[in-house]
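Student:
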Amino acid sequence: MISAPDPVPLFPAPALPAPAAKAKSAPQAQDAADDDDSDDSDDDDDDDDDDDDSVPGFIAPGSNTCVAISGTFSFGVQRDWFKANAAATATGLIPSNVTSTQRSLSFRLESAQTLANGLYVATAFEFSLDPTADDPGKDEATLSEASLTIGPWVFGVTDSRFDFWSGDDFVFSSRVPSRTVALIAYERALFPDLKLSLSLEDTNADAARALPAPSGSHLPDGVVRLLYEGDALTLHSAVALHEVPVAGPTPSRVGRAAILGATWTGDLLGHSSTLTAQIAGAIDAPTYIGSQLDRRVVRPVLFADDPTRGWSGVISVGHDWTDEISSNAYVSRYELTLPRLGVKEGRIRIDRFTTNLTWKPIDGFKTGIEASVAWQRLDLGGRIVPAFSGRQSSVQLFLERTF
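According to numbering that gives the first Met the number 0, the sequence shown holds residues 0 to 402 in order.
(1) Taking the alpha helix (DSSP H) that D293 belongs to, which residues open and close that run?
(2) In chain order, what residues of the same chain have a beta carbon less than 6 angstroms from the beta carbon of L182, not counting five sequence neighbours either side?
(3) Considering only their Cβ atoms, is the gap separating A303 from P244 smaller than 7 angstroms?
(4) E139 to G367, Cα distance in whole Å?
(5) Quick check: the Cα distance between P8 and A231, rounded to an integer number of angstroms?
(6) Is A184 close to the ligand ATP? I mean its beta-carbon at under 6 angstroms from any heavy atom of the ligand.
(7) Is it buried or exposed, K23, if we count other Cβ atoms within 10 angstroms and call 16 or more buried?
(8) Please go through the stretch 72-129 and give each complete alpha helix (DSSP H) segment of 4 or more residues, from N-terminal end onward.
(9) Return the CA-CA distance between F402 and D205, expressed in angstroms with no decimal places.
(10) Candidates A83, F106, V97, T88: which alpha carbon is nearest F72's?
(11) Could you please give the first and the last residue of the uninterrupted beta strand (DSSP E) stretch that includes I324?
(12) Taking the C-alpha atoms as reference points, what is the distance between D52 and A121?
(13) What are the start and end residues of the beta strand (DSSP E) that includes N63?
(14) I need the straight-line Cα distance from F126 to D158, nearest angstrom please.
(15) Should S272 and H217 be called a contact, given that it needs their Cβ atoms to be closer than 7 angstroms?
(16) Can you tell me whether F10 is buried or exposed? The criterion is at least 16 other CB atoms within 10 Å of its CB, across all chains shown.
(17) To the nearest angstrom, how far is it from the Cα of V156 to the Cα of I149?
(18) So, using beta-carbon positions, are A373 and Q391 closer together than 7 angstroms?
(19) Could you have a look at F57 and say whether DSSP puts it in helix, strand or coil?
(20) At the level of alpha carbons, what is the spacing between F397 and P191?
(21) Assuming Q277 and G254 make a contact with CB atoms under 8 angstroms, what is their CB distance in whole Å?
(22) Under three-state DSSP, which class holds R160?
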């Protein structure tokens with residue numbers, strides 16, 4: 000991806016005073032000159048390394064615009080096992096154990112330039128081709144991003160500023176499209192490592208993943224985010240306000256949500272390791288909790304005007320055992336209650352555990368195996384989804400190619 004230049008912080012860090020120079024003897028001066036030559040050589044090596052890590056791109060003819068094109072293709076063979084309670088099994092609607100193929104293809108086009116007045120302008124377009132839910136043999140195009148960045152402002156369709164952990168190290172992130180919103184966002188660096196984001200977001204822009212809602216106009220959600228990005232530690236906090244659409248003369252309600260997340264990256268046993276933890280809570284705003292897997296499962300049984308209270312949490316770890324072999328694992332919980340569903344309080348609970356082992360023999364290619372178990376329980380009165388209440392186990396052999 001094309002990286003934006005570092006913004007000037009509102010409160011820049013004070014410059015440290017330079018140490019006083021000391022006179023050097025002739026041998027010391029010669030040693031210093033040799034050290035400078037060595038440093039220059041090291042800097043050249045670092046520049047070469049940076050060039051190796053950069054995204055392939057080109058300068059558009061007749062302009063100062065940098066253009067980058069990238070994409071990802073993933074393919075896998077998956078086996079699913081389902082186990083439900085006796086009541087759900089008796090309905091005959093529980094899916095049979097099945098072996099299936101999973102595939103996904105995505106393309107991303109980015110462009111960026113810095114104008115003569117120093118203003119940074121960038122665009123990004125990304126879409127994916129994924130099998131349809133009704134017919135796995137057919138593919139449907141999904142718009143993941145169409146955004147315009149002008150200085151500190153971002154316009155268009157892209158990821159919500161509220162979200163943090165996305166599960167990029169796991170197979171499901173490539174075959175289950177993430178949640179996108181239409182937004183207008185303003186981002187400003189308060190300090191060199193701390194950024195503030197203010198955004199207005201429309202969660203109904205992604206109709207395929209939005210909850211069914213009464214027709215009519217509604218206000219966009221308001222999201223405030225603070226993001227700290229240090230050398231080894233990233234901290235993410237955000238709050239959101241959401242207007243709950245209600246049919247008829249009943250006045251709308253205000254939902255709210257909050258999230259805290261952290262990621263630590265460092266060396267363990269001589270190789271890179273990553274630890275991520277996240278917890279989110281919401282009242283009358285279920286869209287803001289859970290992973291895209293959880294939201295995909297819950298969407299068919301919820302309505303946008305349902306009174307809800309819920310929370311979700313995840314802990315994810317990753318470790319590179321060698322330069323080619325790595326492993327990842329996460330555990331998560333999603334819990335949602337519907338206090339006014341009827342005589343009895345409605346409840347949804349999903350627990351997940353997933354782990355994988357990947358091999359990356361060359362740049363841009365990886366393959367591996369991923370196993371997951373999900374314990375799902377739904378008690379929503381008349382909203383019966385037998386396939387939901389029970390346990391689903393999955394194993395997938397996969398390969399992924401990026402370009």
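We treat Cβ as the ideally placed atom computed from N, Cα and C, and that holds for glycine.
Tutor: The structure says:
(1) The count along the sequence shown starts at 1 and reaches residue 293 at position 294. D293 -> alpha helix (DSSP H) spans 291-297.
(2) Residue mapping note: residue 182 aligns to position 183 of the sequence shown, counting from 1. Excluding residues within five positions, the ones whose Cβ falls inside 6 angstroms are S198, E200.
(3) Taking the sequence shown and counting its residues from 1, the one referred to as residue 244 is at position 245. Taking the sequence shown and counting its residues from 1, the one referred to as residue 303 is at position 304. Closer than 7 angstroms, so yes.
(4) Mapped onto the sequence shown, residue 139 falls at position 140. Mapped onto the sequence shown, residue 367 falls at position 368. About 26 angstroms.
(5) Residue numbering aside, residue 8 sits at position 9 when the sequence shown is read from its first letter. Residue numbering aside, residue 231 sits at position 232 when the sequence shown is read from its first letter. Cα-Cα distance, rounded: 20 angstroms.
(6) The ligand ATP is not among the ligands present in this structure, which contains no ligands whatsoever.
(7) Position 24 of the sequence shown holds residue 23. Note that K23 scores a pLDDT of 47, beneath 50, so its modelled location is shaky; the value from the coordinates is reported in the next line. Burial call: exposed.
(8) 85-89
(9) Numbered from 1 along the sequence shown, position 403 holds the residue referred to as residue 402. Numbered from 1 along the sequence shown, position 206 holds the residue referred to as residue 205. The straight-line gap from Cα to Cα measures roughly 27 angstroms.
(10) Residue mapping note: residue 72 aligns to position 73 of the sequence shown, counting from 1. For F72, the nearest C-alpha among the options comes from F106.
(11) Within the sequence shown, residue 324 is the residue found at index 325, counting from 1. Per DSSP, I324 belongs to the beta strand (DSSP E) from 324-337.
(12) Position 53 of the sequence shown holds residue 52. Position 122 of the sequence shown holds residue 121. Caution is warranted here: a pLDDT of 42 is assigned to D52, below 50, making its placement in the model unreliable, and no coordinate value can be reported.
(13) Against the sequence shown, residue 63 aligns to sequence position 64. N63 -> no beta strand (DSSP E), and no H or E assigned at all.
(14) Along the sequence shown, read from residue 1 onward, the residue named residue 126 stands at position 127. Along the sequence shown, read from residue 1 onward, the residue named residue 158 stands at position 159. The alpha-carbon atoms of F126 and D158 are separated by roughly 13 angstroms.
(15) Indexing the sequence shown from 1 puts residue 272 at position 273. Indexing the sequence shown from 1 puts residue 217 at position 218. Taking 7 angstroms as the Cβ cut-off, S272 and H217 do not qualify as a contacting pair.
(16) Within the sequence shown, the letter at position 11 stands for residue 10. Per the 10 Å Cβ criterion, exposed.
(17) For the purposes of this step, residue 156 is identified with residue 157 of the sequence shown, where counting begins at 1. For the purposes of this step, residue 149 is identified with residue 150 of the sequence shown, where counting begins at 1. Cα-Cα distance, rounded: 15 angstroms.
(18) The sequence position of residue 373 within the sequence shown is 374, counting from 1. The sequence position of residue 391 within the sequence shown is 392, counting from 1. Yes, these two residues count as a Cβ contact at 7 angstroms.
(19) On the sequence shown, position 58 is the one that residue 57 refers to. Strand.
(20) If you number the sequence shown from 1, residue 397 lands on position 398. If you number the sequence shown from 1, residue 191 lands on position 192. Each residue's alpha carbon lies about 40 angstroms from the other.
(21) Here residue 277 refers to the residue found at position 278 of the sequence shown. Here residue 254 refers to the residue found at position 255 of the sequence shown. About 19 angstroms separates the two Cβ atoms, so there is no contact after all.
(22) As a first step, residue 160 must be located in the sequence shown, where it is residue number 161. Looking at R160 - three-state DSSP - the assignment turns out to be coil, as it is neither helix nor strand.
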